[in-house]
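K.L.:
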Amino acid sequence: MSKMHPYKNQLIQGDTLAVLKGMPEDIIDLGITSPPYNKQEKNNGWLVSKVVYADYKDVLPEKEYQKKQSEVLDEVYRITKEGGSFFYNHKIRWVNGEMFHPMDWLRKTKWVVKQEIIWDRTIAGNIRGWRFWQVEERVYWLYKPIGDDKKGEELQSKDAKMTSVWRAVPENHNPHPAPFPIWLPTRVILSLLPKQKSAIILDPYVGSGTTAVAAKLLGFDYLGIDISQEYLEYAEKRLKEYKSELEKVEKERSIHFVKKSFKQRKEEGLYQAKTNNPLFRVHK
Ligand SMILES: C[S@@+](CC[C@H](N)C(=O)[O-])C[C@H]1O[C@@H](n2cnc3c(N)ncnc32)[C@H](O)[C@@H]1O
Numbered sequence: 004m005s006k007m008h009p010y011k012n013q014l015i016q017g018d019t020l021a022v023l024k025g026m027p028e029d030i031i032d033l034g035i036t037s038p039p040y041n042k043q044e045k046n047n048g049w050l051v052s053k054v055v056y057a058d059y060k061d062v063l064p065e066k067e068y069q070k071k072q073s074e075v076l077d078e079v080y081r082i083t084k085e086g087g088s089f090f091y092n093h094k095i096r097w098v099n100g101e102m103f104h105p106m107d108w109l110r111k112t113k114w115v116v117k118q119e120i121i122w123d124r125t126i127a128g129n130i131r132g133w134r135f136w137q138v139e140e141r142v143y144w145l146y147k148p149i150g151d152d153k154k155g156e157e158l159q160s161k162d163a164k165m166t167s168v169w170r171a172v173p174e175n176h177n178p179h180p181a182p183f184p185i186w187l188p189t190r191v192i193l194s195l196l197p198k199q200k201s202a203i204i205l206d207p208y209v210g211s212g213t214t215a216v217a218a219k220l221l222g223f224d225y226l227g228i229d230i231s232q233e234y235l236e237y238a239e240k241r242l243k244e245y246k247s248e249l250e251k252v253e254k255e256r257s258i259h260f261v262k263k264s265f266k267q268r269k270e271e272g273l274y275q276a277k278t279n280n281p282l283f284r285v286h287k
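Just so you know, we're using my numbering here: the sequence shown kicks off at 4 and counts up by one.
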């Protein structure tokens with residue numbers, strides 16, 4: 004029996020840090036998560052007023068919050084296999100004019116920060132005038148190197164073409180207060196595990212189970228942790244009815260497609276200069 008077996012396809016209720024500390028090392032292939040953002044819950048949460056969790060008060064002193072996030076990230080690193088990645092969704096926050104950037108604590112962890120992806124959600128929650136509307140969140144691609152090689156494997160062209168700006172609206176058909184949309188973990192899994200036949204995918208703040216449902220639909224195993232029994236029960240329900248979400252996953256899969264790779268296009272003289280490419284057009 005493999006050592007990862009006891010954790011395969013489990014949703015575990017508990018405090019993430021404590022649960023991770025009890026797990027053996029090198030059991031996870033890939034992880035995706037969105038943690039609580041420490042949004043203080045003043046006036047029911049300054050970030051988005053409806054985001055108030057069932058079993059968790061999102062109100063730590065900022066220093067303590069960042070320290071705890073670093074500890075969680077280092078535990079995830081420990082249980083991830085070498086060559087494995089972790090995608091961490093967060094955002095830039097301001098409290099009384101002071102900016103808190105996820106890189107403030109990411110740089111203190113063991114992970115190699117491979118990329119900062121902008122998720123343009125195309126809508127803003129709050130409309131206040133101190134700065135331009137913040138419509139974006141960030142997704143950090145964190146990598147556990149094999150030896151000294153910080154580069155890791157190359158992405159396939161069909162996945163690399165997704166660019167470092169992901170533009171799509173957030174999820175709104177879900178009773179959880181802050182779910183991410185299923186295309187997000189789907190994009191990560193398709194891009195990072197294009198050929199693998201088996202893998203175990205972790206979400207240490209699994210909430211309504213979006214990562215687990217995406218993993219199951221794509222034929223992989225999952226492991227989820229959340230403090231809230233209520234959210235985990237909803238996640239179990241989603242996992243039972245997982246086929247009803249197949250269409251959304253297939254929609255994401257359908258855009259992971261190129262007729263010709265970058266290399267072939269260059270070789271055949273089909274390479275378009277940046278200025279002709281609508282992706283790079285600028286306002287003049
Ligand atoms: C942003 S939500 C994740 C939502 C998830 N991505 C989804 O699609 O439903 C953060 C989750 O962290 C959970 N949480 C907060 N503190 C926790 C802790 N100390 N240990 C485990 N889970 C925690 C909350 O219950 C919440 O479900």
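Note that the Cβ used here is the ideal one computed from N, Cα and C, for glycine as well.
DSSP puts residue 206 in a beta bridge; with which residues?
P.N.:
Paired residue(s): 227.
K.L.:
Do residue 216 and residue 1 count as a contact pair if the criterion is CB distance below 8 Å?
P.N.:
Nothing can be reported for residue 1: it is not among the residues displayed for the chain, which extend from 4 to 287.
K.L.:
Confirm, please, whether the CB-CB distance from residue 34 to residue 205 is below 8 Å.
P.N.:
Yes, they are a contact pair.
K.L.:
Using the beta-carbon count (16 or more within 10 Å), is residue 85 buried or exposed?
P.N.:
So residue 85 ends up on the exposed side.
K.L.:
In three-state DSSP terms, what is residue 194?
P.N.:
Helix at residue 194.
K.L.:
Tell me residue 34's beta-bridge partners as DSSP assigns them.
P.N.:
Per DSSP, 89, 205.
K.L.:
Sort out for me which residues DSSP pairs residue 122 with in a bridge.
P.N.:
DSSP lists 140, 169 as partners of residue 122.
K.L.:
Under three-state DSSP, which class holds residue 108?
P.N.:
If DSSP states are grouped into helix, strand and coil, residue 108 belongs with the helices.
K.L.:
My output table needs one value for residue 183: the three-state DSSP class, helix, strand or coil.
P.N.:
Note: residue 183 maps to coil in three-state DSSP.
K.L.:
In whole angstroms, what separates the C-alpha of residue 269 from that of residue 161?
P.N.:
When rounded, the distance between both Cα atoms is 16 Å.
K.L.:
Just verifying my parser: in three-state terms, what is the DSSP assignment at residue 95?
P.N.:
Note: residue 95 maps to coil in three-state DSSP.
K.L.:
Give the DSSP bridge partners of residue 16, in chain order.
P.N.:
Beta-bridge pairing links residue 16 to 229.
K.L.:
Note down the Cα distance separating residue 10 from residue 77, rounded to an integer number of angstroms.
P.N.:
If I take the Cα positions, the gap works out to 19 Å.
K.L.:
Return the CA-CA distance between residue 242 and residue 219, expressed in angstroms with no decimal places.
P.N.:
In a straight line, the C-alpha of residue 242 is about 8 Å away from that of residue 219.
K.L.:
Let me know the secondary structure DSSP gives residue 135 once reduced to three states.
P.N.:
Correct three-state label for residue 135: coil.
K.L.:
Tell me the DSSP secondary structure of residue 68 in three-state form.
P.N.:
Reduced to three states, the DSSP call for residue 68 is helix.
K.L.:
Three or more C-beta pairs under 8 Å: does that hold for the segment 196 to 211 against the segment 221 to 231?
P.N.:
The segment 196 to 211 is in contact with the segment 221 to 231.
K.L.:
So which of 117, 37, 145, 209 has the shortest CA-CA distance to residue 13?
P.N.:
If we check each option's Cα against that of residue 13, 209 comes out closest.
K.L.:
Verify whether the separation of the beta carbon atoms of residue 98 and residue 153 is less than 8 Å.
P.N.:
No. Outside cutoff.
K.L.:
Tell me the residue span of the alpha helix (DSSP H) that contains residue 2.
P.N.:
Nothing about residue 2 can be read from this structure; the chain reaches only from 4 to 287.
K.L.:
Using a Cβ-Cβ cutoff of less than 8 Å, which residues in the same chain neighbour residue 261 once the five nearest sequence positions on both sides are dropped?
P.N.:
Closer than 8 Å at Cβ, skipping near neighbours: 160, 161, 164.
K.L.:
Could you give the DSSP three-state label for residue 152: helix, strand or coil?
P.N.:
Strand, per DSSP.
K.L.:
Where does residue 261 sit, in a helix, a strand or coil, going by DSSP?
P.N.:
In the structure shown, residue 261 sits in coil (DSSP, three-state: anything other than H, G, I, E or B).
K.L.:
Under 8 Å by Cβ, that's how I've got residue 169 and residue 120 pegged, so tell me the actual separation to the nearest angstrom.
P.N.:
Contact holds; Cβ gap of about 6 Å.
K.L.:
Would you please state the rounded distance, in angstroms, between the beta carbons of residue 145 and residue 111? I believe it to be under 8 Å.
P.N.:
Their Cβ separation, rounded to whole angstroms, is 12 Å, which puts residue 145 and residue 111 out of contact at 8 Å.
K.L.:
Determine whether the beta carbon atoms of residue 96 and residue 143 lie at a separation below 8 Å.
P.N.:
No, these two residues do not count as a Cβ contact at 8 Å.
K.L.:
Apart from the five residues just before and just after residue 107, which ones in its own chain have a Cβ nearer than 7 Å to its Cβ?
P.N.:
Cβ neighbours of residue 107 beyond the five flanking positions: 69.
K.L.:
Below 8 Å on the Cβ atoms is my guess for residue 211 versus residue 237; work out the distance and round it to an integer in Å.
P.N.:
5 Å between Cβ atoms; contact.
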